[in-house]
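Residues in the sequence shown are numbered from 477 upward in steps of one, following the numbering used here.
Backbone N, C-alpha and C fix where the C-beta goes; we use that ideal spot for every residue, glycine too.
Everything numeric in this text was worked out from a predicted model, so none of it was measured.
A quick write-up on the structure given underneath.
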Amino acid sequence: MTRIAASGSTGGAGVDEGWAAEEVVVDKVVAGAAEAVADIESGSTLAVGGFGLCGIPSVLIEALLDQGAADLEAVSNNCGVDEWGLGRLLANKRIRRMVSSYVGENKEFARQYLAGELEVELTPQGTLAERMRAGGSGIPAFFTATGVGTQVAEGGLPWRYDEAGNVVVASPAKEVRSFDTAEGAKDFVLEPAIVADFALVRAWKGDRHGNLVYRDSARNFNPLAAMCGRTTIAEVEHLVEPGEIEANHVHTPGVFVQRVVALSPEQAADKRIEKRTVRPNPGADVEVKAGDL
477 MTRIAASGST GGAGVDEGWA AEEVVVDKVV AGAAEAVADI ESGSTLAVGG FGLCGIPSVL
537 IEALLDQGAA DLEAVSNNCG VDEWGLGRLL ANKRIRRMVS SYVGENKEFA RQYLAGELEV
597 ELTPQGTLAE RMRAGGSGIP AFFTATGVGT QVAEGGLPWR YDEAGNVVVA SPAKEVRSFD
657 TAEGAKDFVL EPAIVADFAL VRAWKGDRHG NLVYRDSARN FNPLAAMCGR TTIAEVEHLV
717 EPGEIEANHV HTPGVFVQRV VALSPEQAAD KRIEKRTVRP NPGADVEVKA GDL
């Protein structure tokens, strides 16, 4: 949202009477997550930040679940877990297709994929990251050595099965071209950029202009998702005023962000752990359960 306030008419030497100066005040903050995702339509493509459950836009995902959009294509490193993150949309049959690099922590994901209910485009993790970055940079495609000599380049990766377990949609073959390198001629495969209709990301800190800062490992895929969305929606744990974030500390410039949702302290603190791993303390009289190891 952009607020424009016009000043009064100004007169004087060299200035036409009736000329009005305009002060443009940019404020991208919306009232809440429900308003932020209200115009996401069924069939949209979403780029979603996060890695496992770290740095996922969980509040926006829940709002989208309540909003009702279906038949979605999600581009994300993974699909959450069975009870959280994108796994919530998946369990409610809202996702039609996934573009991911790792899906091993979600049993419902595996069930839907093998049952022919979900189309899945598995992509090498670095390639996925670069496809998203390229989409946000206006680069339509790029060559990479990753995947050359495999089904990634040659085609045939199962994207969709039918109920009987037969492959009904497989990945196509991609262009492979040889380039001179320091080690001699090498083959590279052409990968297309990803541009999503909407991007959902989570930031540690953000201002009203949409400038974002991520914290530690929660940065992961969030800057890339933010770049490749035509409309990027950011949920932020700490909302600050413009100028409070030092320019050199900005990870995602506000030019990539269209809407900002300020989280409550309770929402910001609600961070799930995907796989709790602890080491027993020999000196502590504490029962260690099998699920904790």
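query = Is V624 helix, strand or coil when you go by DSSP?
reply = Along the sequence shown, one-based indexing puts residue 624 at 148. Looking at V624 - three-state DSSP - the assignment turns out to be coil, as it is neither helix nor strand.
ask   = In the DSSP assignment, what residue or residues form a beta bridge with A617?
value = Numbered from its first residue, the sequence shown carries residue 617 at position 141. Answer is P668.
request  = Work out the CA separation of E722 and A546 for me, nearest whole Å.
outcome  = Counting from 1 along the sequence shown, the entry for residue 546 is found at position 70. Counting from 1 along the sequence shown, the entry for residue 722 is found at position 246. Spanning the two alpha carbons is a distance of roughly 39 Å.
task = Identify every residue that forms a DSSP beta bridge with H714.
result = By one-based count along the sequence shown, residue 714 stands at place 238. BP columns for H714 point to K681.
ask   = Considering only residues of the same chain and omitting the five flanking positions on each side of P718, which have a CB-CB separation below 7 Å?
value = As a working note, residue 718 is residue 242 in the sequence shown. Closer than 7 Å at the Cβ level, and outside the excluded window around P718, lie D683, R684, H685.
inquiry  = Less than 6 Å between C-beta atoms, sequence neighbours within five positions excluded: which residues of the same chain meet that for A510?
reply    = Here residue 510 corresponds to residue number 34 of the sequence shown, with the count starting at 1. Within the same chain, A510 has close Cβ partners A539.
task = Let me know if I670 comes out buried or exposed under the rule of 16 or more other beta-carbons within 10 Å of its beta-carbon.
result = For this step, residue 670 is matched to residue 194 along the sequence shown. With 16 or more other Cβ atoms within 10 Å, it is buried.
inquiry  = Taking its Cβ as the centre, do 16 or more other Cβ atoms sit within 10 Å of G531, making it buried, or is it exposed?
reply    = Within the sequence shown, residue 531 is the residue found at index 55, counting from 1. With 16 or more other Cβ atoms within 10 Å, it is buried.
Assigned secondary structure, Y589 (DSSP; H/G/I helix, E/B strand, else coil) = Residue 589 sits at position 113 when you count from the first residue of the sequence shown. Helix at Y589.
Contact check, E595 vs R564, beta carbons under 9 Å = Against the sequence shown, residue 595 aligns to sequence position 119. Against the sequence shown, residue 564 aligns to sequence position 88. Not a contact, by the Cβ cut-off of 9 Å.
request  = Kindly indicate which residue of F732, T707, V754, R748 has the alpha-carbon position closest to the one of I516.
outcome  = Position 40 of the sequence shown, counted from the start, is the residue given in the question as residue 516. It is T707 whose Cα lies nearest to the Cα of I516.
Start-to-end residues for the alpha helix (DSSP H) that takes in E511 = Along the sequence shown, one-based indexing puts residue 511 at 35. Note, E511: alpha helix (DSSP H), 509–512.
inquiry  = Spatial neighbours of G544 within its chain, please: C-beta separation below 6 Å, excluding the five flanking residues on both sides.
reply    = In the sequence shown, counting from the first residue as 1, residue 544 sits at position 68. Within the same chain, G544 has no close Cβ partners at all.
query = DSSP state of D793, grouped into three classes?
reply = This structure leaves residue 793 out entirely; the chain is present only between 477 and 769.
ask   = What span of residues does the alpha helix (DSSP H) with V535 cover, start to end?
value = In the sequence shown, counting from the first residue as 1, residue 535 sits at position 59. Segment 534–543, the alpha helix (DSSP H) holding V535.
ask   = If you count every other CB in all the chains shown that lies within 10 Å of the CB of F732, and 16 or more means buried, which is it?
value = Taking the sequence shown and counting its residues from 1, the one referred to as residue 732 is at position 256. So F732 ends up on the buried side.
message = Tell me which residues share the same chain as G508 and place their Cβ nearer than 7 Å to its Cβ, disregarding the 5 neighbours each side in the sequence.
response = Numbered from its first residue, the sequence shown carries residue 508 at position 32. Hits under 7 Å: V737.
ask   = Of all the beta strand (DSSP E) runs that stay within the bounds of the stretch 624–661, which reach a length of 3 or more residues?
value = 634–637, 643–646, 652–657
ask   = G484 to C704, Cα distance in whole Å?
value = For the purposes of this step, residue 484 is identified with residue 8 of the sequence shown, where counting begins at 1. For the purposes of this step, residue 704 is identified with residue 228 of the sequence shown, where counting begins at 1. Bear in mind that a pLDDT of 39 at G484, under 50, signals an unreliable position, so the number given afterwards is only what the model happens to contain. Rounded to the nearest angstrom, the two C-alpha atoms are 40 Å apart.
key: Sheet register partners of L548 (DSSP bridge)   = Within the sequence shown, residue 548 is the residue found at index 72, counting from 1. L548 is bridged to I571.
Segment contact, 8 Å Cβ cut-off, at least three pairs: the stretch 631–639 with the stretch 651–669 = no
message = Tell me the rounded alpha-carbon separation between R607 and A710.
response = Start at 1 with the first residue of the sequence shown, and residue 607 comes out as number 131. Start at 1 with the first residue of the sequence shown, and residue 710 comes out as number 234. When rounded, the distance between both Cα atoms is 20 Å.
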